[in-house]
Amino acid sequence: MPHDSTKKIRQILLENGSITKPELAKLTNLTVATCGYILNGLVENGEVIAENFRTSSGGRPAMSYRYNSERCRFLCLYALFEGGAESIHYRITDAMYGLHGKGEFKCKNIKLKSLLQCVQKLLKQNPKICMISIGVQGGVSQGSVEFSDFPDLNGINLSHEMEQKTGIPTYVENDMNAIALGYSQRNANEKNVAILFTPKGNPPAGGFLVDGKILRGNANFAGELSYFPFPFSRNQQLDIFDNVKSALPYIRQVLFATVAFLDPAVIVFTGGLAEKLSKANLDMQMRNHLRRPQLPRLFFITDSSDEYFLGLTKIATEHFLQND
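Here the working numbering = 1-based position in the sequence shown + 56.
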């Protein structure tokens, strides 16, 4: 049976909760017989549960199918450097975005060994975990950390190392990209999203969704706003972005450039300076400068951890759907 058909059925089951074969056939454009064949295989391996609880129009019980969220759990975690301290935050979720555990580990120095120790501890406590997704502050390319706020992770293929040590498929993503995915997931799958991260005392960063897909660029460099051509050195960014008064002119620059280059439907400001920004003021300046009848909607999220974890869960779910 074609893999795409199985993936399509998995996706519909996850989105609808419970569904009959005729309903599934209508939504997937597959025949009832094809849906039945695939469903039988998924029921046999425990991925789908068949239940006799619906009644058809003729009064005869109809078989309904739902995804078995107990079959597999995802370990979603991210490494955070904030206020001079390092920590690892985690949530255990499932393919239907159910939460089964959360917490954090304080670390003096995040490196592969410390990250692996945290993961192995959680795997021992949660044997149903079948996939891991990790978020990192920095540049990520095909599972490798090219540069980050954690020097000991730089140059390491984190995905490969984790899989080798745990035997579990592992996917690694840049933090801003994960947050953009999470925001989209939380807001009716908004397809054109720009995340502008404006932390206090640190350089800015960005994450962008274009037509529902992460904008990575040729060398996975898209969103590295610390390299934006500001009229001061990268070292000076720490001081400039330490307070909203000195940072505001440059935040406006980045905002206007984002609209001009990407024209997103939504721009989300997050980070320590986000709560200090005025939506009304930025809206007005954006309209006065760009003079366009239709401009992005602006939103402000001080704590984006929920979006971060939603994005990591979405990454795990998408890869999970690919499995036969």
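Backbone N, C-alpha and C fix where the C-beta goes; we use that ideal spot for every residue, glycine too.
Simplified DSSP assignment, three categories, for I212
coil
Exposure label - K162; buried when at least 16 CB within 10 Å
exposed
Label M342 either buried or exposed according to how many other C-beta atoms from any shown protein chain fall within 10 Å of its C-beta, with 16 as the threshold for buried.
buried
If you draw a straight line from the alpha carbon of K335 to that of S125, how long is it in whole angstroms?
40 Å
Is the separation between the beta-carbon of C132 and that of S200 shorter than 9 Å?
no
Give me the Cα-Cα distance between D150 and A278, rounded to the nearest whole angstrom.
Rounded to the nearest whole angstrom, the CA to CA distance from D150 to A278 is 30 Å.
CB-CB under 6 Å to S74, same chain, minus the five flanking residues each way: which ones, in chain order?
S120, R122
Measure the Cβ-Cβ separation of L281 and P259 and say whether it is below 9 Å.
It is a contact, given that the beta carbons lie within the stated cut-off.
Output needed for N210: all residues of its chain with C-beta closer than 8 Å, excluding positions within five of it in sequence on either side, in chain order.
Correct list, in chain order: G194, V201, E202, F203, S204.
In whole angstroms, give me the CA-to-CA distance for L69 and A372.
16 Å
According to DSSP, M187 sits in a beta bridge with which residue or residues?
DSSP lists F130 as partners of M187.
My understanding is that V322 touches V266, with C-beta atoms under 8 Å, so please give their C-beta distance in whole angstroms.
Actually they are not in contact, since the Cβ atoms of V322 and V266 sit about 12 Å apart, beyond 8 Å.
Q309: which of Y227, F286, P78 sits nearest, CA to CA?
F286
Taking DSSP as the reference, what is the three-state secondary structure of I296?
helix
Among the residues of its own chain, which have a CB less than 6 Å from the CB of V300, if the five just before and after it don't count?
L329, K332
Local conformation of G439 per DSSP, three classes
Residue numbering for the chain in the displayed model covers 57 to 380; residue 439 lies beyond these limits and cannot be assessed.
Between F376, E71, Y153, D60, which lies nearest to I224 when the distance is taken from Cα to Cα?
With distances taken between Cα atoms, I224 lies closest to F376.
Residues in the same chain with beta-carbon distance under 6 Å from I270, minus the five sequence neighbours each way, listed in chain order, please.
For I270, the CB contacts under 6 Å within the same chain, skipping 5 residues up- and downstream, are N233 in chain order.
Measuring alpha carbon to alpha carbon, tell me which of G154, L304, T76, N276 ends up nearest N230.
N276
Decide yes or no for the touch test of the segment 157–172 against the segment 95–104: beta carbon pairs closer than 8 Å, at least 3 of them.
no
Starting from the Cα of N72, find the closest Cα among Y153, R353, E217 and give me that residue.
Y153
Given this structure, state the Cα-to-Cα distance separating D295 from H59, to the nearest angstrom.
52 Å
For K169, name the three-state secondary structure that DSSP assigns.
Three-state DSSP puts K169 in a helix.
Mark R66 as exposed unless 16 or more other C-beta atoms lie within 10 angstroms of its C-beta, in which case mark it buried.
buried
Looking only at its own chain, which residues have a Cβ that is under 6 Å from the Cβ of D362, when we skip the five neighbours before and after it?
none
For A141, count neighbouring C-beta atoms within 10 Å of its own C-beta (all shown protein chains included) and say buried if the count is 16 or more, exposed if not.
With fewer than 16 other Cβ atoms within 10 Å, it is exposed.
For E217, which three-state DSSP category applies?
helix
Under the three-state reduction of DSSP, which class applies to G97: helix, strand or coil?
It is helical.
Start and end of the beta strand (DSSP E) containing T149?
Residue range 141–149 is occupied by the beta strand (DSSP E) that includes T149.
Residues bridged to I323 (per DSSP)
A250, L354
Can you tell me whether F203 is helix, strand or coil according to DSSP?
It is a strand residue.
Limits of the alpha helix (DSSP H) - the one that T76 falls within
T76 -> not in any alpha helix (DSSP H); beta strand (DSSP E) instead, spanning 74–76.
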